[in-house]
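Anchor point for the sequence shown: position 181 equals 181 in full-length UniProt numbering, and the numbering is continuous, going up by one each time.
We treat Cβ as the ideally placed atom computed from N, Cα and C, and that holds for glycine.
These figures come from a predicted structure and were not determined experimentally.
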Amino acid sequence: MLEIVATFICLTTLLTYVNFRFIGLPPTIGVMVTALMFSLILQGLSFIGYPGLEDRVEALMNQIDFGDLLMNWMLSFLLFAGALHVNLADLRNYRWPIGLLATFGVLIATFVIGTLAFWIFGLFGWHVSFLYCLLFGALISPTDPIAVLGVLRTANASKPLKTTIVGESLFNDGTAVVVFTVLLGIAQLGETPTVGATAMLFLHEAVGGVLFGGLIGYIVYRMIKSIEQYQVEVMLTLALVIGGSAMASELHVSAPIAMVVAGLIIGNLGRNLAMNDMTRRYMDGFWELLDDILNALLFALIGLELLLLPFSWLHLLAASLLAVAILLSRLLTVAPAILLLRRFRSVPRGTIRVLTWGGLRGGVSVALALALPIGPERDLLLSITYIVVLSSILLQGLSIGKLVKAVTREPDPQAVREH
1 MLEIVATFIC LTTLLTYVNF RFIGLPPTIG VMVTALMFSL ILQGLSFIGY PGLEDRVEAL
61 MNQIDFGDLL MNWMLSFLLF AGALHVNLAD LRNYRWPIGL LATFGVLIAT FVIGTLAFWI
121 FGLFGWHVSF LYCLLFGALI SPTDPIAVLG VLRTANASKP LKTTIVGESL FNDGTAVVVF
181 TVLLGIAQLG ETPTVGATAM LFLHEAVGGV LFGGLIGYIV YRMIKSIEQY QVEVMLTLAL
241 VIGGSAMASE LHVSAPIAMV VAGLIIGNLG RNLAMNDMTR RYMDGFWELL DDILNALLFA
301 LIGLELLLLP FSWLHLLAAS LLAVAILLSR LLTVAPAILL LRRFRSVPRG TIRVLTWGGL
361 RGGVSVALAL ALPIGPERDL LLSITYIVVL SSILLQGLSI GKLVKAVTRE PDPQAVREH
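Structure follows, in structure tokens:
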């Protein structure tokens, strides 16, 4: 295990250096692009006379439980780090669009994407049951907080847009995991749970995660408030994420949701009421560095996954059609929520366009796809998911900044009329 960790940390550092020195893309996207290039180089070397090289790298990748690593550990660290810098008052101000998109938006997107996927798979002669199409809809419907947070750092988005996008992406993975878990249970057991059982699962996973995160976050906040030693205070937050994630797994509550809530408490109550300037500086520096390292490692892993998946031109064509279907479902969920909100408060111009195009898919979708039962449906859905995630991060991720700048330059008709 130590050799695997050393290999991937060194490789990720090299990919990060290559991107920073020669390519210059946003860090998360650039690392994934360089990892993709590295995968293609390995395949080329294996093809032209270095047999076994690709197999050795593939064997190394197979030793990593990507789903467990992301969902139970890396995602908790990344969400906690992201939540540390989110203002709780801003979330409260935009709670309605965030709440609608993170709950009903995921449910609607799951059904719309699942239905369109069933039709598209049929066009290519792939016999995939409607239940597995709904599973695909559930795993691909949430926007990925890691990708979104990484891209928004480089996009000069307005405060309402940034708060809505970040708030939604921090919370909607919990809803998607619950929906995915219910559908996966139906697929494995062959029976449909009752509405009561489904509601209890949601309460246990999602609400349990909120309550557990609030409890451990408040306890650590009180501990930080009782001392003035930045080394110990930083260690307390590290123990909060590591120990909290392990306890959440044992309690069968959502570790990602728990870490979001705990991060909001430490980032708001802790930062304002329990830390001095030196502690804030070291706390921010530590978690920003850890966030950058884990982001780079995650997207390097996603890029190298190319070696493990079967691809064909049919997969690429089907994934392209599904990528359009996913954008359509995103529009169908975003537009009603924003139009309803406009009846009660001012909403910045271009919000629907930015939220639709800014709904990036990422590592969460790949991890859920890896959790599917072994079989032909899993291989197909995993390949399609991977292509959709790549296209989303590369196409949308590289252009969302330009869209945000274009939208902010447009005159607001309401402001023009008032003038």
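Range of the contiguous alpha helix (DSSP H) that encloses residue i
| i | result |
| --- | --- |
| H204 | Note, H204: premise wrong, no alpha helix (DSSP H); not H, not E. |
| N72 | N72 -> no alpha helix (DSSP H), and no H or E assigned at all. |
| Q188 | 159 to 189 |
| P376 | 376 to 391 |
| W96 | 95 to 102 |
| E250 | 230 to 251 |
| W357 | 351 to 357 |
| A367 | 363 to 370 |
| L131 | 130 to 140 |
| I9 | 2 to 18 |
Assumed close pair residue i, residue j - CB separation to whole angstroms, cut-off 8 Å
| i | j | result |
| --- | --- | --- |
| V354 | L101 | Not a contact, Cβ separation roughly 13 Å. |
| F136 | G105 | F136 to G105, Cβ: 17 Å. No contact. |
| E205 | V179 | No, E205 and V179 are not in contact; Cβ-Cβ is about 10 Å, not under 8 Å. |
| L131 | I186 | 6 Å |
| M278 | Y230 | 5 Å |
| G358 | I293 | Incorrect: roughly 25 Å between the Cβ atoms, too far for contact. |
| A109 | S141 | 4 Å |
| V260 | A83 | 5 Å |
| I393 | M37 | Contact doesn't hold; Cβ gap of about 15 Å is too wide. |
| M74 | L308 | About 18 Å separates the two Cβ atoms, so there is no contact after all. |
| T143 | L360 | 6 Å |
| I98 | G167 | 4 Å |
| G270 | I224 | 5 Å |
| L321 | A81 | Incorrect: roughly 35 Å between the Cβ atoms, too far for contact. |
| T237 | M283 | 7 Å |
Residue i burial status per 10 Å Cβ neighbour count (16 or more: buried)
| i | result |
| --- | --- |
| L297 | buried |
| I119 | Ile is not the amino acid found at residue 119; the sequence shown has Trp there. W119 should be labelled exposed. |
| Q396 | buried |
| G209 | buried |
| V416 | Since pLDDT at V416 reaches only 43, below the 50 mark, its modelled position is unreliable, and the value read off the structure follows with that caveat. It counts as exposed. |
| A367 | buried |
| K405 | exposed |
| F121 | buried |
| N87 | exposed |
| W287 | buried |
| G44 | exposed |
| T7 | exposed |
| R330 | buried |
| W313 | exposed |
| Y17 | exposed |
| V182 | buried |
| K159 | exposed |
| I41 | exposed |
| R343 | exposed |
| C133 | buried |
| S245 | buried |
| F124 | exposed |
| I4 | exposed |
| P373 | exposed |
| G196 | exposed |
| M71 | buried |
| I227 | exposed |
| T194 | exposed |
| P256 | buried |
| E305 | buried |
| S346 | exposed |
| L310 | Sequence check: residue 310 is Pro here, not Leu. Burial call: exposed. |
| M200 | exposed |
| L316 | exposed |
Proximity test, residue i beta-carbon vs the ligand GDP heavy atom, cut-off 6 Å
| i | result |
| --- | --- |
| L332 | Among the components modelled here there is no ligand, and therefore nothing to report on the ligand GDP. |
CB contact below 7 Å: residue i versus chain B
| i | result |
| --- | --- |
| I216 | Absent here is chain B; the protein component of the structure consists of one chain. |
Alpha helix (DSSP H) runs contained entirely in the region 260 to 333, provided each spans 4 or more residues: Those alpha helix (DSSP H) runs which fall completely within the region 260 to 333 and span 4+ residues are 277 to 304.
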